[in-house]
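Report on the following structure.
Dropping the structure here:
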């Protein structure tokens, strides 16, 4: 009896999705939908928080006061996005503390892109332009996803990401107008960040275990490969415009497909980095664990103070 | 009359003192980025750091116009050496633990609060406008840091211990905030800068209040005090901070970023 009920509810749910309706926190939803969304949103939030580290690495060395202010504002935005997405995940009954615990224990993932090191100032440009550029493509798609709070969070976040994308491109275009060493710095950064940026869209559709279900629920609206192609098509002309190239000899406009063809992505590297074997995985996790452990006495103090002064707030 | 005694030079030096303090403290807070005790605090500290860098840009930008030698705000920030920096000694002190950072913030935000409050009435219109704008930001910094010092001081035994230690370690840099030399005195006479003794009185009253409420003892009045920022004599920490901050413009002279 119960099974039939669930089946009925599930059908009704799918019908709502198919009609393009938006699911809100109090609506009935399959447990699996809830779980998948919590997984995606918490991964997304963790990524924003870990993402502060590679860029935070250059705030103190930003080469002008204006660049420093812009980079600080950007990293602050990322912390804000993290907070915002954690809150959106909490609408599904998740608790931020539990999500953090899962992340710190290594059970929950974050975007593998942040496991690459930021070696020069030009990396700030490459991250803004390529990494945030890829994130915008992903997030613009998510802004139309079936879960209301996530979609709304994405709309707001995309606005800020567009500013991040512009500042990254501006850093690189300024470097490309500069001296020979500055231009070499820009090209080197792009060479290092290009392939990892393409990996941000996830595995090829044939190897993406969650995709089919997420597409059916309209959590995802486009496949990984579609979004990756969209990113490449959009980015290549931007690179040409400022005299940058990408480290892919097979990257070429295909008049018949009306898309750029590109070379083979090193998926072995992708799965290695996802599974903890990337250049900065250990450091990033170590930094976040240290922040959490070092911050424990601070959080306990705040709790103790609140207990002593119950009338505050 | 040597160039040192020209009124413009006094104003230039005064602006460097204020601007360098904001710049150096902003740098310290930025070092916390991504390492704060909770995400909300990462946001708060980058926010304060951002306000301070904004202040530094206004002040150094104005200093550059006052000097009139074609040095830009970036030239002033990136191409001066340690001995030509005039930030208060407290601003350059290392972050230490979170208690240390918040006590330092409380001390400096409180100093900036009463200083900027007075500077709103400066005879120099640019400084007055700067002070009015920045006072709003500093009001928030002061509230934020005093609320944390309250929580840490009156929180757990461990947090109290760390806060007591932070106050004791940083106290010796607090007189330097209010030292007055001929620059301050000349600008006081010109109605441009306030009497730092009056600022100090308000500061002491505020800090005593916050520390008392936090159950933290106020260090004795005869405690030894460091000084020197007015002459660009710093602690050993500033050199490393500047080496890090200035590396790119110094490695690539004349480059645009």
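Protein chains in written order, with this note's numbering: chain A, 105 to 417; chain B, 49 to 305. Note that beta-carbon positions come from the ideal geometry of N, C-alpha and C, so glycine has one too. Treat the numbers as computed from the prediction; the structure is a model and nothing was measured.
Problem set entry | Within chain A, partners of residue 368 (chain B) - CB distance below 9 Å | Because chain B here runs from 49 to 305, residue 368 (chain B) falls outside it and cannot be looked at.
Exercise. What are the boundary residues of the beta strand (DSSP E) that includes residue 364 (chain A)?
Worked result: To locate residue 364 (chain A), count along the first chain from 1; it is residue 260. First-last of the beta strand (DSSP E) with residue 364 (chain A): 363-365.
Exercise. Taking 9 Å as the CB-CB cut-off, is residue 105 (chain A) touching chain B?
Worked result: Mapped onto the first chain, residue 105 (chain A) falls at position 1. Caution is warranted here: a pLDDT of 48 is assigned to residue 105 (chain A), below 50, making its placement in the model unreliable, and no coordinate value can be reported.
For this session: Could you check the C-alpha separation between residue 327 (chain A) and residue 237 (chain A) for me, to the nearest Å?
Result: As a first step, residue 327 (chain A) is located in the first chain; it is residue number 223 there, counting from the start. As a first step, residue 237 (chain A) is located in the first chain; it is residue number 133 there, counting from the start. Those two C-alpha atoms are separated by around 17 Å.
For this session: Give a yes or no on whether the minimum CB-CB distance between residue 272 (chain B) and chain A is below 9 Å.
Result: Numbered from 1 along the second chain, position 224 holds the residue referred to as residue 272 (chain B). So, not an interface residue.
For this session: Compare the Cα-Cα distances from residue 318 (chain A) to each of A:302, A:336, A:249 and A:201 and report the closest residue.
Result: Position 214 of the first chain, counted from the first residue, corresponds to residue 318 (chain A). Cα-wise, what sits closest to residue 318 (chain A) is A:249.
Exercise. If you follow the alpha helix (DSSP H) that residue 181 (chain B) is part of, which residue opens it and which one closes it?
Worked result: Taking the second chain and counting its residues from 1, one reaches residue 181 (chain B) at position 133. Where residue 181 (chain B) is concerned, the enclosing alpha helix (DSSP H) stretches over 173-201.
Exercise. Taking the Cβ atom as the reference point for each residue, do residue 104 (chain B) and residue 58 (chain B) lie within a distance shorter than 9 Å?
Worked result: By one-based count along the second chain, residue 104 (chain B) stands at place 56. By one-based count along the second chain, residue 58 (chain B) stands at place 10. No. Outside cutoff.
Exercise. Would you call the stretch 177-193 of chain A and the stretch 130-145 of chain A touching, i.e. three or more CB-CB distances under 8 Å?
Worked result: yes
Problem set entry | Candidates B:285, B:63 and B:252, of which the one nearest residue 111 (chain B) by Cα | In the second chain, residue 111 (chain B) corresponds to position 63, counting from 1. Comparing Cα positions, the closest option is B:63.
Exercise. Does any residue of chain A bring its CB to less than 9 Å from the CB of residue 68 (chain B)?
Worked result: Indexing the second chain from 1 puts residue 68 (chain B) at position 20. Chain A contact via Cβ: absent.
Exercise. Terminal residues of the continuous beta strand (DSSP E) containing residue 270 (chain A)?
Worked result: Taking the first chain and counting its residues from 1, one reaches residue 270 (chain A) at position 166. Unbroken run through residue 270 (chain A) is the alpha helix (DSSP H), 252-280; no beta strand (DSSP E).
Exercise. By a C-beta neighbour count over all protein chains shown, 10 Å radius and 16 as the cutoff for buried, is residue 253 (chain B) buried or exposed?
Worked result: Numbered from its first residue, the second chain carries residue 253 (chain B) at position 205. Classification for residue 253 (chain B): exposed.
Exercise. How many Å lie between residue 227 (chain B) and residue 132 (chain B) at the Cα?
Worked result: Counting from one through the second chain, the residue named residue 227 (chain B) turns up at place 179. Counting from one through the second chain, the residue named residue 132 (chain B) turns up at place 84. Taking the straight line from one Cα to the other gives about 17 Å.
Exercise. Where does residue 356 (chain A) sit, in a helix, a strand or coil, going by DSSP?
Worked result: As a working note, residue 356 (chain A) is residue 252 in the first chain. Strand, per DSSP.
Exercise. For a contact meaning CB atoms closer than 8 Å, what does residue 398 (chain A) contact in chain B?
Worked result: What you label residue 398 (chain A) is simply residue 294 of the first chain in a count that begins at 1. The contacting residues are 83, 85, 145 and 146.
Problem set entry | Uninterrupted alpha helix (DSSP H) stretches inside the stretch 151-191 of chain A (no shorter than 4 residues) | 156-163
Exercise. Is the beta carbon of residue 66 (chain B) sitting closer than 9 Å to the one on residue 107 (chain B)?
Worked result: Locating residue 66 (chain B) in the second chain gives position 18, counting from the first residue. Locating residue 107 (chain B) in the second chain gives position 59, counting from the first residue. Yes; because the gap between Cβ atoms is below 9 Å, this pair is in contact.
Problem set entry | Interfacial residues, the stretch 384-412 of chain A to chain B, with Cβ spacing under 9 Å | 391, 392, 394, 395, 396, 398, 399, 400, 401, 402, 403, 404, 405, 406, 407, 408, 409, 410 and 412
For this session: Would you tell me roughly how many angstroms separate the C-alpha atoms of residue 342 (chain A) and residue 220 (chain B), rounded to the nearest one?
Result: Against the first chain, residue 342 (chain A) aligns to sequence position 238. Against the second chain, residue 220 (chain B) aligns to sequence position 172. Using only the alpha carbons, I get a separation of about 55 Å.
For this session: Return the residue from the list A:117, A:234 and A:110 that minimises the CA-CA distance to residue 271 (chain A).
Result: Here the question's residue 271 (chain A) lines up with position 167 in the first chain. Ranking A:117, A:234 and A:110 by Cα distance to residue 271 (chain A) puts A:234 first.
For this session: Taking only the alpha-carbon atoms, compute the straight-line gap between residue 91 (chain B) and residue 356 (chain A) and give it to the nearest angstrom.
Result: If you number the second chain from 1, residue 91 (chain B) lands on position 43. If you number the first chain from 1, residue 356 (chain A) lands on position 252. Rounded to whole angstroms, residue 91 (chain B) to residue 356 (chain A) spans 42 Å at the Cα level.
For this session: Return the bridge partner residues of residue 241 (chain A) from the DSSP annotation.
Result: Taking the first chain and counting its residues from 1, the one referred to as residue 241 (chain A) is at position 137. DSSP output for residue 241 (chain A) lists no bridge partner at all.
For this session: State yes or no: is the beta carbon of residue 228 (chain B) nearer than 9 Å to at least one beta carbon in chain A?
Result: Indexing the second chain from 1 puts residue 228 (chain B) at position 180. So no, residue 228 (chain B) is outside the interface.
For this session: May I ask which residues mark the beginning and end of the alpha helix (DSSP H) holding residue 291 (chain B)?
Result: Numbered from its first residue, the second chain carries residue 291 (chain B) at position 243. Residues 285-293.
Exercise. Since residue 112 (chain B) is in the alpha helix (DSSP H), which residue starts that stretch and which ends it?
Worked result: Start at 1 with the first residue of the second chain, and residue 112 (chain B) comes out as number 64. Start and end: 87-115.
For this session: Name the one or two DSSP bridge partners that residue 127 (chain A) has.
Result: By 1-based counting over the first chain, the position of residue 127 (chain A) is 23. Note: residue 127 (chain A) sits in a beta bridge opposite A:251.
For this session: Go ahead and label residue 347 (chain A) buried or exposed: buried means 16 or more other beta carbons lie within 10 angstroms of its beta carbon, across all protein chains shown.
Result: As a first step, residue 347 (chain A) must be located in the first chain, where it is residue number 243. The residue is exposed, with fewer than 16 neighbouring Cβ atoms inside 10 Å.
For this session: Note down the Cα distance separating residue 301 (chain B) from residue 289 (chain B), rounded to an integer number of angstroms.
Result: The residue given as residue 301 (chain B) occupies position 253 in the second chain. The residue given as residue 289 (chain B) occupies position 241 in the second chain. Cα-Cα distance, rounded: 19 Å.
Exercise. Using 8 Å as the Cβ pair cut-off and three pairs as the minimum, do the stretch 198-215 of chain B and the stretch 405-412 of chain A touch?
Worked result: yes
For this session: Name, please, each residue of chain B whose Cβ falls closer than 9 Å to the Cβ of residue 325 (chain A).
Result: As a working note, residue 325 (chain A) is residue 221 in the first chain. Within 9 Å Cβ-Cβ: nothing; residue 325 (chain A) doesn't reach chain B, min ~29 Å.
Exercise. Would you say the stretch 182-196 of chain B touches the stretch 229-243 of chain B, given that touching needs at least three Cβ pairs under 8 Å?
Worked result: no
Problem set entry | Contact residues within the stretch 103-132 of chain B, judged by C-beta distance below 7 Å to chain A | 104, 105, 121, 122 and 125
Exercise. For residue 305 (chain B) versus residue 225 (chain A), is the C-beta distance shorter than 9 Å?
Worked result: Counting from one through the second chain, the residue named residue 305 (chain B) turns up at place 257. Counting from one through the first chain, the residue named residue 225 (chain A) turns up at place 121. Going by C-beta atoms, residue 305 (chain B) is nearer than 9 Å to residue 225 (chain A).
Problem set entry | Contacting residues, own chain, Cβ-Cβ under 8 Å from residue 49 (chain B) (five flanking each side not counted) | As a first step, residue 49 (chain B) must be located in the second chain, where it is residue number 1. Unreliable positioning characterises residue 49 (chain B) in this predicted model, as indicated by a pLDDT of 40, which lies under 50. The coordinate reading is nonetheless provided below. Cβ within range, chain order: n/a, list empty.
Problem set entry | Runs of alpha helix (DSSP H) lying entirely within the stretch 237-283 of chain B, each at least 4 residues, in chain order | 244-261
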